[in-house]
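Have a look at the structure below before the remarks.
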Amino acid sequence: MKKAKLILIGSALLVLPFFLVNCTKTNTVTEPGTNTTTTVTANPYAGSIFSNEGSFAGIDSLNTHFVANVVADNNINGIFVAAFASSTNNEYNFISSLYNFFVTATGGPNIYDGPGYQPGNSLSTSMKTVHHGMNITQSQFNSLAGDLANAIHTCKWSKADSVGLMGAAAGLAPDVIGQ
Amino acid sequence: MVLFFVLFIWANWNAPTPADKLKPKIFALYNLENVKNPDAFSQLDTRLKQTSGILATCMKPADKIVSVVFYPDVINTTDIMNKLSQWSNAPVSIKTIVATGPTCPVAGIMGDISAIKRLLCVRN
Chain F
1 MKKAKLILIG SALLVLPFFL VNCTKTNTVT EPGTNTTTTV TANPYAGSIF SNEGSFAGID
61 SLNTHFVANV VADNNINGIF VAAFASSTNN EYNFISSLYN FFVTATGGPN IYDGPGYQPG
121 NSLSTSMKTV HHGMNITQSQ FNSLAGDLAN AIHTCKWSKA DSVGLMGAAA GLAPDVIGQ
Chain W
1001 MVLFFVLFIW ANWNAPTPAD KLKPKIFALY NLENVKNPDA FSQLDTRLKQ TSGILATCMK
1061 PADKIVSVVF YPDVINTTDI MNKLSQWSNA PVSIKTIVAT GPTCPVAGIM GDISAIKRLL
1121 CVRN
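Residue numbers (our numbering), protein chains in the order written: chain F, 1 to 179; chain W, 1001 to 1124.
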């Protein structure tokens, strides 16, 4: 009992500093001709696909539909077999990694930390590293791109943003195919 | 005890990523080989999409499969399978995917590490 209390108090003391850290970047603006001061949270992602298509919630929706399409795609689902059915932890991790990938690829925060990631790496380098030895074919890449296009269509993205993301995906093709 | 503290600090060192804050969701693939009526597939898809906890589906009538992404705390794999069987009046099973070559390295041990981190992280 004493031990449990000690763990509880120790944990509380350890956690406290984490809650005291405030990472939100804010600017204070004084309205011209008045003394009113308002605090504005800057949006560093304004104008990006990420921002245009609903930020984190929009990317979450795209990712969910994309995962459904990939799982049902017999041309490529064998590649992702480690994530399938073996454990729900693996499934969470698979979905989270793809989500981080899309947030980064659409111009949102650079949060991709999945396979192939090294601090300071670009998404392109990460993709090259992770696909090394997998011998992904053009046909497999096209299937994946088709699944992404269908997910974008389901989520009713604007034409400009659809073209933007498909273009970004196509730009990664040399880092993925034939590695 | 020391190990617990080390793991605890490790799990809380960085703020959770946006992905860590997502409500967990999982997926399943079902075999619809015994569904003989071609019209049944679109009806099944519509009914699945209307089911609470189901977020996305992908119906492939040509391959006789359907994938489902869902919240595991609302509905589970077996419930979905039973619903599909009931709606189609045919036995439905979970389809196992077989590796066709080198596989994507995501998951495996990483899934278990992430699970430990999620469990110990209190910074949400």
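Ideal placement from N, C-alpha and C gives every residue a C-beta, glycine not left out.
When C-beta distances to chain W are compared with 7 Å, the residues of the segment 48-60 of chain F below that value are F56, D60, in chain order. DSSP places A42 (chain F) in the coil class of the three-state scheme, outside both helix and strand.
Under the three-pair Cβ rule at 8 Å, the segment 62-71 of chain F does not count as touching the segment 1080-1093 of chain W. In summary, N43 (chain F) is exposed, with fewer than 16 beta-carbon neighbours lying within 10 Å of its beta-carbon over all protein chains present. Residue-level contact check: F102 (chain F) does not touch chain W, since none of the beta carbons of chain W fall below 8 Å from its beta carbon. For L1029 (chain W), the enclosing beta strand (DSSP E) stretches over residues 1026-1031. With respect to K1060 (chain W), A72 (chain F) sits close: the two C-beta atoms are nearer than 8 Å.
For M127 (chain F), the secondary structure class from DSSP, reduced to helix, strand or coil, is helix. Note on geometry: alpha-carbon atoms of K1036 (chain W) and A1062 (chain W) lie some 12 Å from one another. Residues of chain W whose Cβ lies closer than 7 Å to the Cβ of H65 (chain F) are, in chain order, A1056. Taking a cut-off of 8 Å for Cβ pairs, the segment 91-101 of chain F and the segment 139-148 of chain F do not touch, as fewer than three such pairs fall below it. The closest CA to that of G146 (chain F), considering only F:S122, F:N75, F:L98, is found on F:N75. Burial state of G167 (chain F) is exposed, judged by a 10 Å Cβ sphere holding fewer than 16 other Cβ atoms. In this structure, P1018 (chain W) and F56 (chain F) form a Cβ contact; the two beta carbons are roughly 5 Å apart against a cut-off of 8 Å. V103 (chain F) carries a helical assignment under DSSP once its states are collapsed to helix, strand and coil. Close to chain F, meaning a Cβ-Cβ distance shorter than 7 Å, are the following residues of the segment 1027-1040 of chain W: F1027, L1029. Note on geometry: alpha-carbon atoms of L1003 (chain W) and V1066 (chain W) lie some 44 Å from one another.
Take D113 (chain F), set aside five residues on each side of it, and the residues of its chain with a beta-carbon closer than 7 Å to its own are N100, in chain order.
Between N52 (chain F) and S124 (chain F) a beta carbon distance of about 23 Å is seen, past the 8 Å cut, so the two are scored as non-contacting. About 17 Å separates the beta carbons of L98 (chain F) and N121 (chain F), which is beyond the 8 Å limit, so they are not a contact pair. In the three-state reduction of the DSSP assignment, S1067 (chain W) falls in the strand class. Bounds of the alpha helix (DSSP H) holding A170 (chain F) are 159-171. For M1081 (chain W), the enclosing alpha helix (DSSP H) stretches over residues 1077-1088. At a Cβ-Cβ threshold of 8 Å, T1057 (chain W) and V1068 (chain W) count as neighbours. In this structure K1021 (chain W) is not in contact with Y1071 (chain W), their Cβ atoms being roughly 15 Å apart against a cut-off of 8 Å. Counting only the Cα atoms, N90 (chain F) lies some 33 Å from A46 (chain F). By the beta-carbon neighbour count (other beta carbons within 10 angstroms, threshold 16), F1005 (chain W) is exposed.
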